[in-house]
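K.L.:
By the working numbering, the letter at position 141 of the sequence shown is numbered 147, and the numbering carries on one by one without gaps. Think of the CB as a built atom: it goes at the ideal place given N, C-alpha and C, for glycine as much as any other residue. Okay, handing you the structure first.
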Amino acid sequence: SGNDNYEWSLNGTVIPGQGGACIDVGEVGTYSVFITNVKGPTLSCSVQVTELPLPDCSISGNLQFCPGGSTQLCVTTNSEYLWSNNETGQCTTVGTEDTYSVIVTGANGCSNECSASTTILQLPNVFAGNDFSVECNTSQVQLHATTDNSNNKCSPSFSWSVDGNGNINTDGNTADPFVSVPGSYIVTITDCNTGCTNTDEVTVGTVASSCTRCSQNVITISHNILINFNTNPPTYSGDPGLMPFFTYDR
């Protein structure tokens with residue numbers, strides 16, 4: 007009633023300035039109140055205030071990924087979620103370098119927040135070589151791919167492929183394969199530290215002026231050497247020691 011006086015205490019210690027019927031508290035412990043009235047006896051009662059536990063909040067996932075890729079971030083707690091990118095699932099997939107936070111709300115209504123920062127890794131540098139041309143009678147050449155490797159504990163891996171025309175004549179998983187001419191070749195390098203890949207391409211052509219075309223189907227080089235272009239491939243007759251090297255292109 008209006009004639010009541012209230013004295014609040016926490017764990018037996020009087021809380022100064024609190025003489026009303028209600029009190030806001032922010033600490034755990036035992037709260038007691040003594041109520042006095044000029045017309046009656048002093049009354050008292052107590053209540054135990056405890057703090058509810060916060061839900062666990064810990065983000066797991068790969069925080070580094072290659073350019074053009076993405077990663078999945080997850081929270082292990084079974085609760086309600088609100089990510090900084092406005093997603094509400096237990097996991098979120100991100101593809102940019104940023105700091106991502108999530109608010110986790112437990113079954114008791116308490117919330118906790120945690121965050122994690124992602125990093126986009128650098129692509130490995132790779133150079134397949136400058137485009138070049140060779141003489142028409144060149145059947146194969148050796149390519150050479152280069153890269154920088156900042157970690158001497160491991161070596162990058164190479165993989166060559168053909169873009170259109172061409173053929174890889176030797177092991178395509180080295181930096182220096184032998185390939186047929188002409189052709190276009192792509193090298194893919196995988197960084198041994200990050201797993202990121204990058205590509206480059208080189209084209210090998212032939213010098214047009216070195217490719218002689220014959221207007222005749224049968225050519226007699228001498229009285230005992232004959233090249234017949236009516237067959238495919240052309241046939242040669244004559245002294246085997248004098249057999250010429252030629253490129254046939256109709």
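#1: Just how far apart, CA to CA, sit glutamate 207 and glutamine 128?
#2: Per DSSP, what kind of secondary structure is leucine 129 in: helix, strand or coil?
#3: Could you check the C-alpha separation between threonine 94 and isoleucine 126 for me, to the nearest Å?
#4: Proline 47 by DSSP, collapsed to three states: which one?
#5: Rank Val193, Val31, Ile41, Thr99 by C-alpha distance to the C-alpha of serine 66 and give the top, closest one.
#6: For cysteine 202, which option in Tyr37, Ser76, Ile29 has the closest C-alpha, if you only look at C-alpha atoms?
#7: Per DSSP, what kind of secondary structure is alanine 113 in: helix, strand or coil?
#8: If you reduce the DSSP assignment to three classes, tell me which class leucine 69 lands in.
#9: Which class does aspartate 182 belong to by DSSP, given the choice of helix, strand or coil?
#10: Helix, strand or coil for cysteine 120 per DSSP?
#11: What is the residue span of the beta strand (DSSP E) that glycine 170 lies within?
#12: What is the DSSP secondary structure of aspartate 177, counted as helix, strand or coil?
#13: Looking at the secondary structure, which residues open and close the beta strand (DSSP E) in which isoleucine 192 lies?
#14: Tell me, to the nearest whole angstrom, how far the beta carbon of glycine 170 is from that of valine 185; I am working on the premise that it is less than 8 angstroms.
#15: By DSSP's criteria, glutamate 13 is part of a beta bridge. Which residues make up the other side?
#16: Assuming the contact rule is C-beta atoms closer than 8 angstroms, isoleucine 164 and threonine 152 should be a hit. Round their C-beta distance to whole Å, please.
#17: Does the segment 76 to 86 come within contact of the segment 102 to 115, defined as at least 3 CB pairs closer than 8 angstroms?
#18: Is leucine 79 buried or exposed, if buried means 16 or more other CB atoms sit within 10 Å of its CB?
#19: Looking only at DSSP bridge pairs, what is glutamate 33 linked to?
#20: Please look up how many angstroms separate the CB atoms of leucine 69 and cysteine 116, rounded, as I've assumed it's under 8 angstroms.
#21: Helix, strand or coil for valine 213? Go by DSSP, reduced to three states.
#22: Just how far apart, CA to CA, sit serine 167 and cysteine 120?
#23: What whole-angstrom Cβ distance do valine 210 and valine 187 have, given they're in contact under 8 angstroms?
#24: Taking DSSP as the reference, what is the three-state secondary structure of threonine 237?
#25: Straight-line CA distance for aspartate 182 to glutamine 148?
P.N.:
On the basis of the data shown:
#1: On the sequence shown, residue 207 is found 201 positions in, with the first residue counted as 1. On the sequence shown, residue 128 is found 122 positions in, with the first residue counted as 1. Each residue's alpha carbon lies about 20 angstroms from the other.
#2: Taking the first residue of the sequence shown as position 1, residue 129 is located at position 123. Coil, per DSSP.
#3: Working through the sequence shown from its first residue, we reach residue 94 at position 88. Working through the sequence shown from its first residue, we reach residue 126 at position 120. In this model, threonine 94 and isoleucine 126 are separated by some 24 angstroms (Cα to Cα).
#4: Here residue 47 corresponds to residue number 41 of the sequence shown, with the count starting at 1. Looking at proline 47 - three-state DSSP - the assignment turns out to be strand.
#5: Position 60 of the sequence shown, counted from the start, is the residue given in the question as residue 66. Answer by Cα proximity: Thr99.
#6: Translated into the one-based positions of the sequence shown, residue 202 becomes position 196. Of Tyr37, Ser76, Ile29, the residue nearest in Cα terms is Ser76.
#7: Counting from 1 along the sequence shown, the entry for residue 113 is found at position 107. The answer is coil: DSSP assigns alanine 113 none of H, G, I, E or B.
#8: Along the sequence shown, one-based indexing puts residue 69 at 63. Residue state, collapsed to three classes: coil.
#9: In the sequence shown, residue 182 corresponds to position 176, counting from 1. Residue state, collapsed to three classes: coil.
#10: The count along the sequence shown starts at 1 and reaches residue 120 at position 114. The three-state reading of DSSP puts cysteine 120 in strand, counting E and B together.
#11: Residue mapping note: residue 170 aligns to position 164 of the sequence shown, counting from 1. Premise fails: glycine 170 is in no beta strand (DSSP E) and is neither H nor E.
#12: By one-based count along the sequence shown, residue 177 stands at place 171. Note: aspartate 177 maps to coil in three-state DSSP.
#13: One-based indexing of the sequence shown puts residue 192 at position 186. Taken as a continuous stretch (DSSP letters only), the beta strand (DSSP E) holding isoleucine 192 covers 189 to 196.
#14: Looking up residue 170 in the sequence shown gives position 164. Looking up residue 185 in the sequence shown gives position 179. In fact, because the Cβ distance is near 13 angstroms, the residues do not count as touching under 8 angstroms.
#15: What you label residue 13 is simply residue 7 of the sequence shown in a count that begins at 1. Looking at the DSSP assignment, glutamate 13 forms a beta bridge with Phe40.
#16: Along the sequence shown, one-based indexing puts residue 164 at 158. Along the sequence shown, one-based indexing puts residue 152 at 146. Reading off the sequence, residue 164 comes out as phenylalanine, not isoleucine. With 8 angstroms as the limit, phenylalanine 164 and threonine 152 do not qualify as a contact, their Cβ atoms being about 10 angstroms apart.
#17: yes
#18: As a position in the sequence shown, residue 79 is number 73, starting the count at 1. By the neighbour-count definition (other C-beta atoms within 10 Å, threshold 16), leucine 79 is a buried residue.
#19: Locating residue 33 in the sequence shown gives position 27, where the first residue counts as 1. Per DSSP, none; premise fails for glutamate 33.
#20: To locate residue 69, count along the sequence shown from 1; it is residue 63. To locate residue 116, count along the sequence shown from 1; it is residue 110. 27 angstroms between Cβ atoms; not a contact.
#21: Here residue 213 refers to the residue found at position 207 when the sequence shown is read from its first residue. Correct three-state label for valine 213: coil.
#22: Here residue 167 refers to the residue found at position 161 when the sequence shown is read from its first residue. Here residue 120 refers to the residue found at position 114 when the sequence shown is read from its first residue. Whole-angstrom Cα-Cα distance: 45 angstroms.
#23: Within the sequence shown, numbered from 1, the residue matching residue 210 stands at position 204. Within the sequence shown, numbered from 1, the residue matching residue 187 stands at position 181. Between the beta-carbon of valine 210 and that of valine 187 there is about 5 angstroms, and that keeps the pair under the 8 angstroms contact cut.
#24: Translated into positions along the sequence shown, residue 237 becomes position 231. Three-state result, threonine 237: coil.
#25: If you number the sequence shown from 1, residue 182 lands on position 176. If you number the sequence shown from 1, residue 148 lands on position 142. Distance between the alpha carbons of aspartate 182 and glutamine 148 is about 6 angstroms.
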